[in-house]
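In my numbering, the protein residues as written are 590 to 690.
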């Protein structure tokens, strides 16, 4: 299970590929991507890590704090991701997003 702030998750997804993150935390990379998308956390585009591995310049998108606070907690487990309890009262979606089939 992965439980961390938006800022920490942003730093994590820009530090290494999501497949490595998923393997380390025992979760699916699709769940990490879905949680990032919902919580407005920019993530590397396709080809980013190949460019990094070949020493090419890459652009890092900044963390947007328009919708969510940088300190909001993101929870991701093997079943999907959740809205942190403090945010559930204001969320417009269910607490647990369904996984893609």
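All C-beta atoms in this analysis are idealised placements derived from N, C-alpha and C, irrespective of residue type, glycine included. All figures in this text were calculated on a predicted structure; none of them were measured in a lab.
Taking C-beta separations shorter than 8 Å and ignoring five residues to either side along the sequence, the partners of residue 607 in its chain run 618, 621, 622, 632, following chain order. Counting the other CB atoms within 10 Å of its CB gives residue 628 a total of 16 or more, which places it among the buried residues.
Straight through space, the alpha carbons of residue 654 and residue 624 are spaced by roughly 15 Å. By the C-beta density criterion, residue 635 is exposed, having fewer than 16 other C-beta atoms within 10 angstroms. Residue 649 counts as exposed, since fewer than 16 other C-beta atoms from the protein chains shown sit within 10 angstroms of its C-beta. Annotation for residue 594: 659, 660, 661, 662, 663 place their beta carbon closer than 8 Å to its own, counting only its chain and skipping 5 residues before and after. For residue 638, the closest C-alpha among the options 615, 609, 591 is that of 609. In this structure, DSSP gives residue 655 a state outside helix and strand, which the three-state scheme calls coil. Separation of residue 591 and residue 644 (C-alpha to C-alpha, rounded to the nearest whole angstrom) is 30 Å.
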